[in-house]
Amino acid sequence: MAIVNVTPDSFFDGGRWWDGQGELGAATEAIVAQARAWVDAGAAVLDVGGESTRPGAEAVSHDDERARVVPIIAALAGSFPAVAISVDTRHAEVARAGLEAGATIVNDVSTLADPGMARVVGSAGAGLCISHMRGIPETMQRDIAFDDVVAEVGDELAAAVERALAAGVTREQILVDPGVGFGKSAEQSAALVCASATLEARTGCPVLIGASRKSFLGRLLGKGLSLPVSERGLPSVVAAALAAEHGAAMVRVHDVLDTCRAMDLHAAMLAARLERGEGAR
Numbered sequence: 033m034a035i036v037n038v039t040p041d042s043f044f045d046g047g048r049w050w051d052g053q054g055e056l057g058a059a060t061e062a063i064v065a066q067a068r069a070w071v072d073a074g075a076a077v078l079d080v081g082g083e084s085t086r087p088g089a090e091a092v093s094h095d096d097e098r099a100r101v102v103p104i105i106a107a108l109a110g111s112f113p114a115v116a117i118s119v120d121t122r123h124a125e126v127a128r129a130g131l132e133a134g135a136t137i138v139n140d141v142s143t144l145a146d147p148g149m150a151r152v153v154g155s156a157g158a159g160l161c162i163s164h165m166r167g168i169p170e171t172m173q174r175d176i177a178f179d180d181v182v183a184e185v186g187d188e189l190a191a192a193v194e195r196a197l198a199a200g201v202t203r204e205q206i207l208v209d210p211g212v213g214f215g216k217s218a219e220q221s222a223a224l225v226c227a228s229a230t231l232e233a234r235t236g237c238p239v240l241i242g243a244s245r246k247s248f249l250g251r252l253l254g255k256g257l258s259l260p261v262s263e264r265g266l267p268s269v270v271a272a273a274l275a276a277e278h279g280a281a282m283v284r285v286h287d288v289l290d291t292c293r294a295m296d297l298h299a300a301m302l303a304a305r306l307e308r309g310e311g312a313r
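The numbering of the sequence shown is the working numbering, which starts it at 33 and goes up by one.
As structure tokens, this is what we get:
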């Protein structure tokens, strides 16, 4: 899943597509060109987001978020009919607009906090990614107390899956995401990166891991002093490979080409080991 941020304030690439006046401007062609490179590299999903949900981020209006994502979704859906387009939003109103523009998946980081979200997805017959987060982006880092982070996140995701099923979303349409870096410590996030098999068993749904460029990677490597986001590319690729090794069905990334190469290498090396009868470890 390739990250397409059309925001001025995302933690890594916010503002990449914005003009000098703080507007999205005539960036559609450039975004489509970048997306083509990602698809050629192996991206299966293009995830379009118009609101930064980094820790401490301030909310934007539904109108602004919708205005950011709808034209980009429409352009990507028209350019890549064989590629799934996802709208990354926690608001049912924006999700509906994104689906009408051509998205086929909703990626909701808020654990279905908007009571209308599951109904919108269910009525559209769309896919749904349910990500774990306690609270809202502005405050989520204030509640990182877990006795057993994998078990508790699994239980809370399982409850959200049940709400989605009750609203008409089928289990086959659902991915779950433990929300690494969202209201978790660095150590808790690291545990969740490697917990996909447990989370899938608990929720009955395949798992998406989104660790790309997040600050917990820098804190783990920097012994408490976070690496700058510009230096988290290689750690992100390693985290994605570890997630796949531990059962993740999909990873959400900024560095598409490097991640796809790592995944291809992992698959080739695993195949060689299996051919020798060594099994996976």
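Here a beta-carbon is modelled for each residue, glycine too, at the ideal position from N, C-alpha and C.
Item: Ends of the beta strand (DSSP E) at Ile116?; Value: According to the sequence shown, residue 116 is Ala rather than Ile. Per DSSP, Ala116 belongs to the beta strand (DSSP E) from Ala116 to Asp120.
Item: Is it the case that the segment 92-110 contacts the segment 145-156, given that we only count it when at least three CB pairs across the two stretches are under 8 angstroms?; Value: no
Item: What distance in whole Å lies between the Cβ atoms of Ala34 and Ala75, which are believed to be in contact at a cut-off of 8 angstroms?; Value: 4 angstroms
Item: Check whether the segment 174-187 and the segment 126-144 touch, using three or more Cβ-Cβ pairs below 8 angstroms as the test.; Value: no
Item: Can you give the beta carbon distance from Leu240 to Ala280, rounded, assuming they're within the 8 angstroms contact cut?; Value: 7 angstroms
Item: Using 8 angstroms as the threshold, is the C-beta distance between Ala271 and Ala243 below it?; Value: yes
Item: Can you give the Cα-Cα distance for Glu204 and Leu160, rounded to whole angstroms?; Value: 10 angstroms
Item: Buried or exposed for Asp120, please, with buried defined as at least 16 other CB atoms from any protein chain shown within 10 angstroms of its CB.; Value: buried
Item: Compute every distance between the C-beta of Val208 and the non-hydrogen atoms of the ligand ZN, then say whether any falls below 7 angstroms.; Value: What this structure holds is no ligand at all, so the ligand ZN is not there to describe.
Item: Roughly how many angstroms separate the alpha carbons of Gly250 and Gly265, rounded to a whole number?; Value: 10 angstroms
Item: With DSSP as the reference, please indicate the residues paired to Ser163 in a beta bridge.; Value: Asp209
Item: What are the uninterrupted segments assigned as alpha helix (DSSP H) that are 4 or more residues long and contained completely in the segment 102-158, given in chain order?; Value: 124-133 and 149-156
Item: Can you list, in chain order, the residues of its chain whose CB lies under 7 angstroms from that of Val71, leaving out five sequence neighbours each side?; Value: Phe112 and Val115
Item: Any idea what DSSP makes of Ala78, helix, strand or coil?; Value: Residue identity check: residue 78 is Leu in the sequence provided, not Ala. Leu78 falls in the strand class under three-state DSSP.
Item: I'd like the ranges of any alpha helix (DSSP H) spanning at least 4 consecutive residues and lying wholly in the segment 225-264.; Value: 228-235 and 247-253
Item: I'd like to check one pair, Ala275 with Phe248: are the Cβ atoms closer than 8 angstroms?; Value: no
Item: Report the three-state DSSP secondary structure of Val288 (helix, strand or coil).; Value: helix
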